[in-house]
Amino acid sequence: GVAIPAADHGWTAGMVWWAKYAINQYKDDPSVEFYLVTAKEPSEQIAQIQALLAKGIDALVLNPYESAPLTPIAVKAFREGVYTVIVDRGINSEEYNTYIAGDNYMYGYLAGKYIAEKLEGKGNVVIIEGIPCSINTERVNAFKDALKPYPGIKIIAQQPGYWSREKAFEVMQNILTKFPKIDAVWTGDDDMLHGVILALKQAGRDKDIILVGGAGEKNIVKMIMEGHSLVQVDFTYPPNMIATAINLAVMALKGESLNGFYQKGIPRKIILSTETITKENAKDYYYPESVF
Amino acid sequence: MRRDSIKKTGGRFAEIFSKYGIVIVLIGLVIVSGILSPSFLKLRNILNIFWQTSYVGIIAIGVTFVMIAGGIDLSVGSMVALLGAFAITTVNAVGDSYLGVFLAILATLGLSVGLGFATGVAITKGRIPAFVVTLGGMAIYRSLVLNFANGGVYMSNSMKYSSMGMSFVLGMPLPMLVFIGYALLAHIILNNTKFGRYIFAVGANETASFYSAINVDWVRTWTYVISGISVAISGILLSSMMGSVSSSSTGNGFELDAIAAAVIGGTSLSGGKGSIFGTFFGALILGVINNMLVMLNVAVYLQGMVKGLIIIGAVLLQNLSKE
Amino acid sequence: MRRDSIKKTGGRFAEIFSKYGIVIVLIGLVIVSGILSPSFLKLRNILNIFWQTSYVGIIAIGVTFVMIAGGIDLSVGSMVALLGAFAITTVNAVGDSYLGVFLAILATLGLSVGLGFATGVAITKGRIPAFVVTLGGMAIYRSLVLNFANGGVYMSNSMKYSSMGMSFVLGMPLPMLVFIGYALLAHIILNNTKFGRYIFAVGANETASFYSAINVDWVRTWTYVISGISVAISGILLSSMMGSVSSSSTGNGFELDAIAAAVIGGTSLSGGKGSIFGTFFGALILGVINNMLVMLNVAVYLQGMVKGLIIIGAVLLQNLSKE
Amino acid sequence: MNEEVILETRGVSMEFSGVRVLHSVDVKFTRGKIYGIVGENGAGKSTLMKIVSGFLQPVEGEIFVYGKKTTLNPLKAKELGIILIPQELNLVDTLRVYENIFLGNEMKSRFLFLDKKKMIEESKRLVKRFGLNISPLQFVYRLSPAQKQLIEIVKAVSKSARLLIMDEPTSALSEREVKNLFNLIRRMKEEGITVIFISHRLKEVKEIADEIIVLRDGRKVYEGRASGLTEKEIAQLMIGRHLSEMYPEKSIPKGEIVLKVENFFSADGSVKNVSFDLRKGEILGFYGLVGSGRTELMETLVGIRRKSAGRVTLHGAEVNITSPDEAKKLGIVYLPEDRKTAGIVPILEVYKNITLMNLEKYSRFLLKKDLEIEAFRRYKEKFSIVSRGPYQLVKTLSGGNQQKVVISKLVDTGARIFIFDEPTRGVDVNAKHQIYHIIRNLIDEFDATFIVVSSELPEIIGISNRVVVMRNGEVAGIVEGEGLNEKNLIYLATGVSEEG
Ligand SMILES: Nc1ncnc2c1ncn2[C@@H]1O[C@H](COP(=O)(O)OP(=O)(O)OP(=O)(O)O)[C@@H](O)[C@H]1O
Ligand SMILES: Nc1ncnc2c1ncn2[C@@H]1O[C@H](COP(=O)(O)OP(=O)(O)OP(=O)(O)O)[C@@H](O)[C@H]1O
Ligand SMILES: [Mg+2]
Ligand SMILES: [Mg+2]
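Written out as structure tokens, the structure reads:
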């Protein structure tokens, strides 16, 4: 059983794509069977997991819609002997088998640090964040933490773009009208960055500005690869962690261990590092066939 | 309904089919699912469906009152988060005791009555369309929940509170029992009390009700109070089951599901028509569809298609059964 | 529900105020925003507001037709993604030429007519409530969009197509001009043609329309076709402006915004009442609120609160102005 | 001699939910004649008319138009010149008068555009022809039922009709409007238009019709020349037995004043300086022309409309009533004139409509349904309501039977002061008779007191102890005893004597 939030913006769609990708790898393997479900709301996800448990799954790969609400059901799964892999958002309990996640703090922090250094400690910064929720808050706070040592940097606007291109476009259009001088824009993810770039182009202000998104969307990575003038770095928060998680679950069920590990079992906690994508290494992060 | 008329034409069978069309559609769905996936019919899964349905189902019962009186309530989704969060915060403040849990439930119900009342007054006395007031409410409640938790989660510190929502009584999950009990109570209020009769009358013909010495505004307002209370019950059960409330996502989209359950069950958006019976089974149909999609392992991106087609088909079949 | 709530006091001024109450509310909002943030009043920003409003605004015009005839359309949000994606795919297939763009637009309009017609027939001939059919449509269309793109993005390869949505005519953004022009056209259809008259009649009193030998089903069906066409226009403008359509997020929530614009503008959910004039300004009020939130840099978590209060307040003020 | 048959039915039958309401009816309508159709409430008159105008499809039988077998639908009927004025007013309230007049029949200028100017002008002309003083731009919801009825007639007349069917066009009208209408009908007859006229006012039927068709329980029981029958005979044919004296003997009021109204004004100015008093046990009639403000006065009294000045004293104590709810608590109930919008709750069952105002009596904590059903049976008996049973939806009752349901609802409240606005609208002779006697019973048994607003002169003279005549929102005079006669009432209502 694989339970993840529904595709309601680019990154989650990417996660769905990677989940399907990983599942597809096993299509010739008769010993494993997958149930992929997506939810639009925590209680719906709980319902799905209940259904999966009733169905009698052996392993559960869960990207919780939200940590706390999914904790009881995840714990229940674990206690029923289901091999439980928690992805990305953790749960508020230690009762699971494996946890694999991106690093939200560094995701925001590195973006902030990059911008601060590029601006040499002085300038006007705009934040366009995602849907208000806990991981968004964590990232934004980390971003601000990184800017703390630079009193010369001012955050002149902080508005939600709801992880949507159109919304980010609209918000950026408005911000551009209000502020004649903007030195850097950080968007919560690369989808919104596309909207921002469009708004800048439309306003004819697509120069002398530092743009940073995040999560490694393929077109942004391609821009970096091709040496785009405004977008030069990106910070990963890879949706393909779900594929890794699925592989881990299958390996665990089959009793396999990780290559290079002297230990037999699958590691219990894996935090993926936030990697910096630059022109040099971009091609390693470019998955043209992926949807994100 | 029209006993005399039907007796003469079709027979007993036609009558049953017309009144219980929705039940037959539900049974049909269950049979098909059971054939396609045997584990669908496990007792455990059936209980699960009831359990999962109960949160939206209880809200849908409240929404049915509002809709029969000719109104609409879009605020229930955000409100469930607000009231759930309020209950958790209150328990945390009062402390982990049965008394604390009891007080928190009482306070939450109290708040819900207040909110429902305010909504009703804005609609009837302020003469603002229900759509606008409750759309505003939806935004305002969500904003409040987000603001106090800073976008994060309300966590319950009380074991007593959290265990309540997960508890089983007589081998059945508590929410399921509450759902069934509440539906019965609501059915009686709607069909066997003065107030219930007034709700139908007001929704069907406001002017005639006014001329018939019914306090139309008062009846309308109370339907929103009932909707509020239903949301409170659902919010308490949901937040205690999860031990928490997510300020950003809990309850998202509940309004559409609740209205859909009512409409599938035969409640009219223009008022005057509807039943708790229909809503109850409408909610179950939605629950069965959701469960079935998982059980049959329907491809993620095709689920919407399947769901949409079944919902439309379910109502179409009911129509045909009335012929 | 007083008989005399429809009284004839007041003079010329009161009449103007009552008819144009919504304009006055809008002007009030603009003034307040202008004072709080001077850059709000920049020509550029005003144009932006019109521009940004036009996508939902055009859809809201179509939805107004549906609602005046007593229906509802929840499918517009998913449909805008579907039709936008269809337009892009078609241009990509036909090739980057003016002819290609033209053909794609034509094909998209054709598809929208077909979808609207199917919706209308399901509602009128299948006697399925509009809420159910269009809720189903919402799920089905989204599912189709997601499925063909595997959750990804439909990207336009045509520069000609993409430049269209960003183009300026007479110093004004194309979408804005289309929005205004379409509103005028819709206003004329609704108020100066037989069809428009029938829409009002059908929505206000179906029986009376029937006894006036109006083909009620036919009128109803055509309102859904108009809604479809409006969605197509909006979808084409939106997808060409963005140069892409996200299968997962484009159009999410448009249905609620469009209905809200219509309701704020005085269109009734129960049919028979409404105007393009009102919807136009209703949409602008929503646009101004969204813009204002950014311009005043309102804290993220409080935006819902502000938005909700302004929407309710805007309608309340209009009511007061009618006294 | 012109004996051209316009429309003919052969063996037409109709059923609703399996219940026959028309049994193999054969009727024939020839060119340039006026047909009066009479029958008890629920006899099937309206149903038959809807069938011959294409709005209902019969389950059996054939229809011939100009001798050709035809399957009718509304559009085809319209094209053939068959125009129906339905019994239940069917105007679109939220549209303007001229828009309603031309609904489904719009005039177009170039392209597809409506020619509003021409339609407004034409409406003005048509409305004037009826001596009506209504602006074509007025919204229909502002009109009284009588005015709406006239607009319905105008609407029908504006179409080029060959067969014009009027289903109870006069039930809301007073003498003067009826006269106007009859003149119009005679003119149309001369133009060769066939008119079908349905009414429960047998006097009118006898006056205008050339031929009379009587329906009873869905069967045609008589067809023949109108001149050969007396009113009494028609009534006998309708109900199948002899009808006793129409009006009961008048009661003798107790003298004690229960309600006193002084210098009463309504907020919208339609009622001006009205004063009258009401004695226990009396029937106080209110007469006036359409638009004279009777309905507005009553609605203001019970708090439906707002009053601006005046004193109302109930049993010696001043009261200020602001809603029907408060009025009911004081023992005053109002029977609305507009049955369709203010009287019935159409999609509720008959029994629920009957008990709606008096649910206290039928509930302790829960409603006692058996008591409600019993009440239904009681009133069904009392007023001979033609209904398939308690569960029939009120909207599927015939017009007259709906009216009886509303009256039952009022009577069931056990109030002591009843204000009845056009209580016998659309009610057949037999039921009228029953209603008068029930009013009398309530007075005798419970000391009830009645205000009866009516546009039907014989009725108001036949039952009232005194009559208040209103003109332009003011009291034009109060007559009783000897002075209570048609001449006086018409004189006071119009302000001109019959000769002048
Ligand atoms: N839509 C319907 N469904 C069920 N029964 C109906 C419907 N319409 C009419 N009826 C029934 O048909 C019978 C004849 O009704 P109809 O309206 O023709 O009577 P009518 O002679 O016009 O009476 P009235 O004088 O009261 O207007 C009634 O018993 C009525 O209840
Ligand atoms: N003096 C007046 N000038 C203009 N309009 C009037 C006047 N009096 C009444 N009206 C209008 O005429 C309509 C009829 O009023 P109302 O119903 O009280 O009259 P009525 O005496 O009961 O006559 P009926 O019910 O037979 O039409 C109302 O819509 C009212 O607004
Ligand atoms: Mg009739
Ligand atoms: Mg009157």
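Chains as they are written, first to last, in the working numbering: chain Z, 3 to 294; chain B, 366 to 688; chain U, 366 to 688; chain R, 68 to 567. In this text, a Cβ means the ideal position worked out from N, Cα and C, and glycines have one as well.
Per-residue contacts from residue i into chain U (C-beta, under 8 Å)
| i | result |
| --- | --- |
| B/Phe347 | There is no way to answer for residue 347 of chain B, as the model of chain B reaches only from 366 to 688. |
| R/Val159 | Phe565, Ala566, Ala569, Asn570, Ala573, Ser574, Gly637 |
| R/Pro153 | Tyr576 |
| R/Phe122 | Phe575, Tyr576 |
Bridge-paired residues (DSSP) for residue i
| i | result |
| --- | --- |
| R/Ile530 | Beta-bridge pairing links R/Ile530 to no other residue. |
| Z/Gly125 | Z/Ile155 |
| Z/Glu68 | For Z/Glu68, which the question treats as bridged, DSSP gives no partner whatsoever. |
| B/Phe533 | B/Pro538 |
| B/Thr484 | DSSP output for B/Thr484 lists no bridge partner at all. |
| U/Ser686 | Answer is none; U/Ser686 lacks a bridge partner. |
| Z/Trp188 | Z/Ile129, Z/Val214 |
| R/Ser430 | R/Leu434 |
| R/Phe264 | R/Gly103, R/Met233 |
| R/Arg378 | R/Glu329 |
| Z/Ala2 | The structure shown does not extend to residue 2 of chain Z, since chain Z is modelled only from 3 through 294, so no value can be given for it. |
Enclosing alpha helix (DSSP H) for residue i [first to last residue]
| i | result |
| --- | --- |
| R/Ala560 | 553-561 |
| B/Phe642 | 641-660 |
| U/Trp416 | 408-433 |
| R/Lys270 | 269-275 |
| B/Phe565 | 559-569 |
Member of the options whose CA lies at the smallest distance from the CA of residue i
| i | options | result |
| --- | --- | --- |
| B/Ser398 | B/Tyr463, B/Gly669, B/Tyr666, B/Asn655 | B/Asn655 |
| Z/Met227 | Z/Ala170, Z/Pro290, Z/Val252 | Z/Pro290 |
| B/Ser612 | B/Ala548, B/Leu480, B/Ala450 | B/Ala450 |
| U/Arg409 | U/Thr632, U/Leu476, U/Gly536 | U/Gly536 |
| R/Glu541 | R/Ile530, R/Leu559, R/Glu526, R/Asn555 | R/Leu559 |
| R/Phe485 | R/Leu368, R/Asn420, R/Ile528, R/Phe249 | R/Leu368 |
| U/Ile437 | U/Ala446, U/Leu448, U/Ala425 | U/Ala425 |
| U/Ile591 | U/Ser574, U/Ile564, U/Lys490, U/Val610 | U/Ile564 |
| U/Asn570 | R/Thr261, R/Gly336, R/Asn157, R/Asn172 | R/Asn157 |
Residue environment, residue i, which counts as buried when at least 16 other CB atoms sit within 10 Å
| i | result |
| --- | --- |
| U/Ser462 | exposed |
| R/Thr138 | exposed |
| R/Asp93 | exposed |
| B/Ser532 | exposed |
| R/Lys184 | exposed |
| Z/Asn26 | exposed |
Under 7 Å from the C-beta of residue i: neighbouring residues of chain B
| i | result |
| --- | --- |
| R/Leu426 | Lys559, Arg562 |
Proximal residues of chain R, C-beta to C-beta of residue i below 8 Å
| i | result |
| --- | --- |
| B/Thr572 | Thr408, Ala409 |
Chain-ordered neighbours of residue i on chain Z, where CB pairs are closer than 9 Å
| i | result |
| --- | --- |
| U/Lys407 | Thr179, Lys180 |
Beta-carbon neighbours of residue i, restricted to chain U and to distances below 9 Å
| i | result |
| --- | --- |
| Z/Phe171 | Gln417, Met606, Met607 |
| R/Pro141 | Phe575, Tyr576, Ser577, Ala578, Ile579, Asn580 |
Range covered by the beta strand (DSSP E) that runs through residue i
| i | result |
| --- | --- |
| R/Tyr289 | 286-292 |
| said: Run the Cβ filter for me: residues under 5 Å from any heavy atom of ligand 5, listed in the order they occur in the chain. | reply: In the structure on display, ligand 5 does not appear, and the ligands it does have are ligand 1, ligand 2, ligand 3 and ligand 4.
| query | Using a beta-carbon distance cut-off of less than 9 Å, what residues from the stretch 159-186 of chain R approach chain C? | reply | Of the chains in the structure shown, none is chain C; the protein chains are Z, B, U and R.
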